[in-house]
Structure formats: structure tokens, C-alpha cells
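To start, the structure under review is shown below, and the notes come after it.
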Amino acid sequence: MGEKFYKKKDHTSKKQFYECGFKSLSANHIGININFTLLAVFLILYDVEFTMLYPALFNFSYITFSQYGFFVVFILFIIISLYYDYQVNALS
7 MGEKFYKKKD HTSKKQFYEC GFKSLSANHI GININFTLLA VFLILYDVEF
57 TMLYPALFNF SYITFSQYGF FVVFILFIII SLYYDYQVNA LS
């Protein structure tokens, strides 16, 4: 029943991408550099690790052996990821 009253119109403007009301300047797609992506991921990981390690510095006498092992693993991960960043020149 609805097909009788509905007129199908082919709108090309509905198939285009919406970019804040402006037409795109070019049809070329810009790829993101993989080094930038790796650096961004590592910086996010460093921030998360820092926020987890920072409170432990003030309560170092109250941590248990398992928590100490957890922090050692975090510090090792930081060192390994910094070494990897240095090897692939992601820090330059």
C-alpha cells in the first residue's frame, strides 16, 4: 500500500559524504603514517601506566609483594616499549 504513495527519487546529494556543509576540496584520501599511530598508542600507554604508578610512589611502604610484581611488570613494559620506539625511530 505504501508503494503506491511513495515516489522513489534518486537523490545524488544523499549519497555524498557530509563534511560540515562544505564540499571536499579533493577526492584524494590522505593516509595516516604508521609511525604517528605507533607513537600515539605508546604515549597513551605511557599515560595510563603513569597514572597507575604515581599513587604507588606515595604509598610504597603499604604495597604487597603481588602489587610490587605488578609495578615491576609495568616498568619493564615501559622500558621495552621505549627501546622499541628508539629502534624504529618513532621518537624522532
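Under my numbering, think of the first position of the sequence shown as 7, with each following residue one higher. For each residue, glycine too, the CB sits at the ideal point set by N, CA and C.
Beta-carbon gap between residue i and residue j smaller than 8 Å
i      : j      : result
Phe-64 : Asp-91 : no
Tyr-52 : Ile-84 : yes
Close Cβ partners of residue i (< 8 Å) along its chain, the five nearest in sequence each way excluded
i      : result
Thr-70 : none
Phe-56 : none
Gln-73 : Ala-62
Contact belief for residue i with residue j at Cβ below 8 Å, rounded distance in angstroms
i      : j      : result
Phe-77 : Ala-62 : 6 Å
Alpha-carbon spacing of residue i relative to residue j, whole angstroms
i      : j      : result
Ala-46 : Ser-67 : 34 Å
Asn-95 : Ser-87 : 12 Å
Val-54 : Leu-82 : 14 Å
Leu-44 : Gln-93 : 13 Å
Val-79 : Asn-39 : 30 Å
Met-58 : Ile-50 : 13 Å
Distance cut-off 7 Å: residue i Cβ against heavy atoms of the ligand COA
i      : result
Pro-61 : Although the ligand COA was asked about, the structure shown includes no ligands whatsoever.
Own chain residues within Cβ distance below 7 Å of residue i, not counting five before or after
i      : result
Gly-75 : none
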